[in-house]
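The structure appears right after this line, and notes come after that.
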Amino acid sequence: MVDGQPCCVNCYEEKHAKRCSRCQKAIVADVEYLEFEDKYWHKECFTCSKCQVNNSLNLFLKINFNVL
């Protein structure tokens, strides 16, 4: 339901779902994701902006709007 109106899964994902900040694909209900400062990432997309190591289980730094 969107604004009290029925909405199929495909239309919801296309028009209303949160988008991954890295790949821009929809973050669907049954997928693990991370959220930080109003941005969202699929767990596998949350990587260091310098070396691309996955940070989903590690500490990270935010420097000049980049996740390190």
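Sequence positions in the sequence shown follow the working numbering and run -9 to 58.
The C-beta atom is built at its ideal place from N, Cα and C for all residues, glycine as well.
These numbers were taken from a predicted model, which means no experiment stands behind them.
Cβ-based burial, ALA16 [other Cβ within 10 Å; buried from 16]: On the sequence shown, position 26 is the one that residue 16 refers to. Buried, since its Cβ has 16 or more Cβ neighbours within 10 Å.
Beta-bridge pairing of HIS32 - partner residues as DSSP gives them: Locating residue 32 in the sequence shown gives position 42, where the first residue counts as 1. Bridge partners of HIS32: TYR23.
Proximity winner among GLN42, CYS41, TYR30, relative to SER11 (alpha-carbon distances): Numbered from 1 along the sequence shown, position 21 holds the residue referred to as residue 11. Nearest option by C-alpha distance: TYR30.
Delimiting residues of the alpha helix (DSSP H) encompassing LYS5: Mapped onto the sequence shown, residue 5 falls at position 15. -1 to 5 is the span of the alpha helix (DSSP H), which, as asked, contains LYS5.
Among GLU27, GLU34, VAL(-1), the one whose alpha carbon lies nearest that of ALA19: For this step, residue 19 is matched to residue 29 along the sequence shown. Checked all of GLU27, GLU34, VAL(-1); the closest Cα to ALA19 is VAL(-1).
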